[in-house]
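> So the mapping is simple: our numbering equals the position in the sequence shown, first residue as 1, plus 591.
C-beta: ideal position from N, C-alpha, C; glycine also.
Only a predicted model underlies this, so the values are computations on that prediction, with no experimental measurement involved.
One structure, pasted below without further comment.
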Amino acid sequence: MTAIQREKMEYDVVIVGAGPAGLSAAIRLKQLDPERTVVVLEKGSEVGAHILSGAVLDPAGLDALLPEWQSMDAPIKTPVVTDNFYILGEAGKVRIPNWPMPPLMSNHGNYIVSMANVCRWMAGVAEGLGVEIFPGMSCSELVFDGDRVAGVVAGEFGLDPDTREPGPNYEPGMELLGKYVFLSEGVRGSLAKQVIEKYDLSKGKDPQKFGLGMKEIWEIDPAKHKLGTVTHTMGWPLGKNAGGGSFIYHLENNQVYVGFVVHLNYKNPHLYPYMEFQRFKHHPMVAELLKGGKRVAYGARAISEGGWQSIPKMVAPGVALLGCTAGLVNVPRIKGNHNAMLSGKAAAEAAHAAIIDGRMGDELSAYEAEVRGGAIGRDLRRVRNVKPLWSRYGLVASLMGGGIDMWANTAGFTIFGTLKHGKSDAAATGLAKDFKPIDYPKPDGVLSFDRLTNVAYSFTNHDEHQPAHLVLKDKSIPILVNLPMYAEPAQRYCPAGVYEVIGEGQDARFQINFQNCVHCKTCDIKDPSQNINWTTPMGGGGPNYPNM
């Protein structure tokens, strides 16, 4: 491609991603200096469009950032009043009492929220402080000045789908330049991947681990709705096939969030995470709750699960990784939003101090130190062995050993030290010949649904005239390698039906229906050949989750 001339806009800080981390950073920068120039770039059509998040929010991050949030009409209205935990069998359940659980697992003082609406509200707070927020602005590449990250290219579109050269309607986008660039893209961010590789930020760290989280919003019978109730389950239907579990959260308007997480280190390539989720809803406990209700939205997203051992170095010249981009999720608590907010606040304070000192484009080492030595580090160190115990020894061992270790860490010591994660999730995939295919029940259209029907409830849209954002490094690998060795698991691990094998034998071909993509990033993570590169779609695109 010939050299492209782009307009340039300069800011003190450029932030990619209007999630809780990026918005917290923007707010804090303006709190520290109202004259600071800050821009937030969001690839969704609006702030919150890519967040179908029924979450239990620990308000610790918000308390630190906006201490008066309770008087600011925040969409945080439903405190947790009941906290249930069950181990499921196919037809029954066993409730685990709350009293033996470590205090950190308690949801007392937390709130059931729509993080999409929380982020919309935070965006309003940020704009009120003078932050510029540009939705629908995909960031397609990084801008470098020597060895430092100096900015991003945003708003580029109109490349020819086949040649990826500028087409007749090409728009080159703009270079948004900053003294510092914050990447808060969420899990497996495409720009963050480049930064981590270029600066070798994962050197000496464990591989990042991931789960696939799938979620539906249901409106249920008011007689069954119990506002403020939180339920988590483990066990059936996954059994020994994979780690994972579910959550059911009752929020306002007779709605419940029904979610299901499958850890992506599963071995059996025949496993079909989406169908495990659909099967889960037929458990008697869940089916009775949903009977007479209706599903109103669906979505999916990868979740970082590596925790303390897998956090990469978070800074490089001119750039910092925030929130889930750095992998700051507390896995046993299924919470990362509080740490995302705290990380945004810490990055903003480090950048502010650097700019006051006349610096720019260097490594914000103060940010790294605060994350690892402050509240975020304390939160993640206490639970660092739960995930590796589960991966090595299964559900029961992780409940017992992880629980004991969390109690010990609460008292200031550890039993196991720091356990390692071992293989990446891609490398954990076994050969198809070593496992039996799994026979999944056909969706009934009442409680369970086929993938394409559910994708319609994510309101996903991509411009078909733009290049596909799902790029194969080698187009021959799906049929020549993944199909004979792994039964091409992309057909199953994708929760949106993006990947298909059409035909058989010599006529087989691999088809990518990128218009279906809900931006979960699972393909980029789980492909056993690591042959799929998830890149940011030009012109935005993706899900448009409802403002509910």
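Can the beta-carbon of P903 be found less than 7 Å from the beta-carbon of E954?
Against a cut-off of 7 Å, the Cβ pair of E954 and P903 comes out as no contact.
> In angstroms with no decimal places, state the Cα-to-Cα distance between V647 and S1067.
One C-alpha to the other measures close to 43 Å.
> Going residue by residue through the stretch 649–702, where are the continuous alpha helix (DSSP H) segments of at least 4 residues, counting only ones entirely within it?
Qualifying alpha helix (DSSP H) stretches, in chain order: 651–656.
> Can you grab the Cα-Cα spacing for the pair M592 / G700, in whole Å?
At M592, the pLDDT of 47 sits below 50, so the modelled position is not reliable; the number obtained from the coordinates is stated separately. Between M592 and G700, the C-alpha separation is close to 55 Å.
> Should F1004 go down as buried or exposed, given a rule of 16 or more other Cβ atoms within 10 Å for buried?
The residue is exposed, with fewer than 16 neighbouring Cβ atoms inside 10 Å.
> Please give me, in chain order, every unbroken run of the alpha helix (DSSP H) with length at least 4 that falls completely inside the stretch 922–1006.
Segments of the alpha helix (DSSP H) lying fully in the stretch 922–1006: 928–947, 956–964, 966–972, 977–984, 986–1001.
> Tell me the rounded alpha-carbon separation between T1113 and I687.
Cα to Cα, the separation comes out at about 31 Å.
> In this structure, does DSSP put Y1048 in helix, strand or coil?
Coil.
> With distance defined between alpha-carbon atoms, name the residue in M1129, H943, P1134, I1093 nearest to C1111.
When only C-alpha atoms are compared, the closest one is P1134.
> Indicate the three-state DSSP secondary structure (helix, strand or coil) for E706 in the structure shown.
Per the sequence shown, the amino acid found at residue 706 is Met instead of Glu. Reduced to three states, the DSSP call for M706 is helix.
> Going by Cα to Cα distance, which pick from V1109, R1100, A1081 is closest to I1123?
When only C-alpha atoms are compared, the closest one is A1081.
> Starting from E633, trace the beta strand (DSSP E) in both directions and tell me its first and last residue.
Taken as a continuous stretch (DSSP letters only), the beta strand (DSSP E) holding E633 covers 629–633.
> Tell me the residue span of the alpha helix (DSSP H) that contains C1114.
Unbroken alpha helix (DSSP H) run through C1114: 1113–1117.
> Does DSSP classify V786 as helix, strand or coil?
Helix.
> Can you find the residues in the same chain that come closer than 7 Å, C-beta to C-beta, to S895, ignoring five residues on each side of it along the sequence?
V778, Q799, F801, C915, G918, V920, listed in sequence order.
> Can you name the start and end residues of the alpha helix (DSSP H) that I618 belongs to?
That run of the alpha helix (DSSP H) goes 611–623.
> Tell me whether P1128 sits in a helix, a strand or coil according to DSSP, three-state version.
In the structure shown, P1128 sits in coil (DSSP, three-state: anything other than H, G, I, E or B).
> Tell me the DSSP secondary structure of L792 in three-state form.
L792 falls in the coil class under three-state DSSP.
> Do you know how far the Cα of L881 is from the Cα of E1055?
Distance between the alpha carbons of E1055 and L881 is about 36 Å.
> Rounded to the nearest angstrom, what separates R597 and L767 at their Cα positions?
Cα to Cα, the separation comes out at about 10 Å.
> Inspect the CB distances between the stretch 732–744 and the stretch 659–669 and report whether three or more fall short of 8 Å.
No: the two stretches stay apart, fewer than three of their Cβ pairs being nearer than 8 Å.
> Report buried or exposed for E747, applying the criterion of at least 16 other Cβ atoms within 10 angstroms of its Cβ.
So E747 counts as buried.
> What residue from G985, N845, K1064, E807 has the CA that sits closest to S1049's CA?
When each option's Cα is compared against that of S1049, the closest is E807.
> Taking L720 as the reference, give the member of L643, L620, P726 with the closest Cα.
Looking at the Cα atoms, L620 is the closest of the given residues.
> Report the rounded CA-to-CA distance for D603 versus G769, giving the unit in angstroms.
Taking the straight line from one Cα to the other gives about 5 Å.
> Does I606 pass the burial test, meaning 16 or more other C-beta atoms within 10 Å, or should it be called exposed?
So I606 counts as buried.
> With a threshold of 16 other CB atoms inside 10 Å of the CB of W712, please say whether the residue is buried or exposed.
That one is buried.
> Once you ignore the five residues that flank I967 on each side, which residues in its own chain have a CB closer than 7 Å to its CB?
Closer than 7 Å at Cβ, skipping near neighbours: L919, N930, L933, S934.
> With DSSP as the reference, identify every bridge partner of K599, one or two as the case may be.
Per DSSP, E766.
> Roughly how many whole angstroms lie between the Cα atoms of D654 and S662?
Their backbone Cα atoms lie some 12 Å apart in a straight line.
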